[in-house]
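Under this note's numbering, residues 3 to 307 are what the sequence shown spells out, in order.
For every residue, glycine included, the Cβ atom is placed at its ideal position computed from N, Cα and C.
Please read all numbers here as calculations on a predicted model, not as lab measurements.
Contents: one structure, followed by commentary.
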Amino acid sequence: MLAQNVKKLIDDKAMDLNSQGDLADYVSKKITILNDYIEGKRELSEPNVDDILSEIVGFFTTSLDIPLEEGTKFLRARTYKVNHLEVNVPKLSYIPLDLSELATLGRLNKEKEPVYYGCIYFEEKGGVNVAFSESNAEVSDNVNILRSTAKCDVNVNYVGIYDYVHRQCKPRFMPQSMFEYFEAVSKYQEEKFSESVFLAHLLCDAFLSDILRRKKSGNLYRVTSILFSIYTESSDIDGIMYTSVKSEGDPVVALKTESVNSKLVHKSCDNYRIINDYGYAKYHAIHTHYGSISGNSVSWLKKNT
Numbered sequence: 003m004l005a006q007n008v009k010k011l012i013d014d015k016a017m018d019l020n021s022q023g024d025l026a027d028y029v030s031k032k033i034t035i036l037n038d039y040i041e042g043k044r045e046l047s048e049p050n051v052d053d054i055l056s057e058i059v060g061f062f063t064t065s066l067d068i069p070l071e072e073g074t075k076f077l078r079a080r081t082y083k084v085n086h087l088e089v090n091v092p093k094l095s096y097i098p099l100d101l102s103e104l105a106t107l108g109r110l111n112k113e114k115e116p117v118y119y120g121c122i123y124f125e126e127k128g129g130v131n132v133a134f135s136e137s138n139a140e141v142s143d144n145v146n147i148l149r150s151t152a153k154c155d156v157n158v159n160y161v162g163i164y165d166y167v168h169r170q171c172k173p174r175f176m177p178q179s180m181f182e183y184f185e186a187v188s189k190y191q192e193e194k195f196s197e198s199v200f201l202a203h204l205l206c207d208a209f210l211s212d213i214l215r216r217k218k219s220g221n222l223y224r225v226t227s228i229l230f231s232i233y234t235e236s237s238d239i240d241g242i243m244y245t246s247v248k249s250e251g252d253p254v255v256a257l258k259t260e261s262v263n264s265k266l267v268h269k270s271c272d273n274y275r276i277i278n279d280y281g282y283a284k285y286h287a288i289h290t291h292y293g294s295i296s297g298n299s300v301s302w303l304k305k306n307t
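Next comes the structure, spelled out in structure tokens:
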């Protein structure tokens, strides 16, 4: 059963959009412009990109926040080319705000605007492998892992979720009941929207899901980095959830730094040395150290071998 506020949102959109002509063609052309920019086939200013994304996200997606419940486990990886055991917890979490000028353009952050990148994990080995892949760890690298837990609901938007619904491809971490709720939203949209408006929504979600799973190239990050501010404009939203680029189906998040400070508890650390990268987010890594956390400090202890 859909919540009444969700039905009203869709009903209002249908009333506004259904009479406005071929919006699927309109959205398709906007997506082509952005893809051409990503591939270097045309020039766009940052305000141009922002305007296009704000329009298609605002009108042609139905964003519903997902509460990641208290106890949800997060991993954050920092990769080093030398042997390094970081003793400052904030440096493992995200680039501190007083050093924000060091934040380079990322998948979901603009230059000088740090965000927290992490992965949600359910079992130890798989989660660590995803963290390695997301941090682009290479053979002989040392990787410090920060383990954190949500102390209350962390509210995120799953970007592109309706593309997964349309393809009947449930993210393996998502409870069946949650996926079925998004299926019900999609079905209600199909009932209420004109064929063109519904197709416009499918195109938009497919595009967003696609660009967040693409490997870095061209102007990709100059497009995706703008999505974070669009989706997290509301103070009620803590971040974005999307699918790992290198480990298809595994959930990763980008969170506001202030949400990390207020909603996550940093529990412990580990250090690994990468021995082999087999591809597809599969690694051979040696666990070298444990780290215990007290306040903002990490105390490291060598693991017995």
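Just to confirm my understanding: we take residue i, look at its own chain, exclude 5 residues before and 5 after, and list those with CB closer than 6 Å. What are they?
i, result
"Leu303", "Tyr292"
"Ser301", "Ser294"
"Gly162", "Asp207, Leu210, Ser211"
Between which two residues does the beta strand (DSSP E) holding residue i run?
i, result
"Arg78", "75–82"
"His289", "284–296"
"Met17", "Here Met17 belongs to no beta strand (DSSP E); instead the alpha helix (DSSP H) covers 6–19."
"Leu257", "253–257"
"Ile122", "118–122"
"Tyr244", "241–245"
Looking at the secondary structure, which residues open and close the alpha helix (DSSP H) in which residue i lies?
i, result
"Leu214", "197–215"
"Asn85", "Looking at the DSSP string, Asn85 is not in any alpha helix (DSSP H), and its letter there is neither H nor E."
"Lys304", "Counting along the chain, Lys304 falls outside any alpha helix (DSSP H), though it belongs to the beta strand (DSSP E) covering 299–304."
"Ile163", "163–168"
Alpha carbon to alpha carbon, how far is residue j from residue i? Give it in angstroms, no decimals.
i, j, result
"Glu185", "Met3", "11 Å"
"Tyr82", "Ile97", "15 Å"
"Val225", "Thr151", "30 Å"
"Glu71", "Val199", "33 Å"
"Phe1", "Lys112", "Nothing can be reported for residue 1, as the shown portion of the chain is limited to 3 through 307."
"Asn12", "Arg169", "It is worth fixing the name first, because residue 12 is Ile in this sequence and not Asn. So the two alpha carbons sit approximately 21 Å from each other."
"Ser299", "Phe61", "45 Å"
Based on Cα-Cα distance, which residue from the options lies nearest to residue i?
i, options, result
"Asp240", "Ile68, Asp143, Asn37", "Ile68"
"Ile232", "Lys31, Leu55, Ser47, Leu11", "Leu55"
"Asp238", "Asn157, Met176, Pro253", "Asn157"
"Ser227", "Gln22, Asn37, Asp52", "Asp52"
"Asn306", "Gly297, Ser299, Ser296, Thr290", "Thr290"
"Cys121", "Lys284, Ser270, His286, Met243", "Met243"
Could you give the DSSP three-state label for residue i: helix, strand or coil?
i, result
"Asn90", "strand"
"Ile232", "helix"
"Met180", "helix"
"Val145", "strand"
"Ala1", "The requested residue 1 does not occur in the structure, where the chain is confined to residues 3 to 307."
"Asn131", "helix"
"Lys269", "strand"
"Ile35", "helix"
"Ile54", "helix"
For residue i, which residues in the same chain have their Cβ closer than 7 Å to its Cβ, ignoring the five residues on either side in sequence?
i, result
"Ile288", "Tyr274, Arg275, Ile277"
"Ile58", "Val29, Lys32, Cys206"
"Arg216", "Leu222"
"Gln191", "Ile12, Thr64, Phe200, His203"
What residues in its chain sit with their C-beta under 8 Å from that of residue i, if we drop five residues either side in the sequence?
i, result
"Ser188", "Tyr164, Val167, His168"
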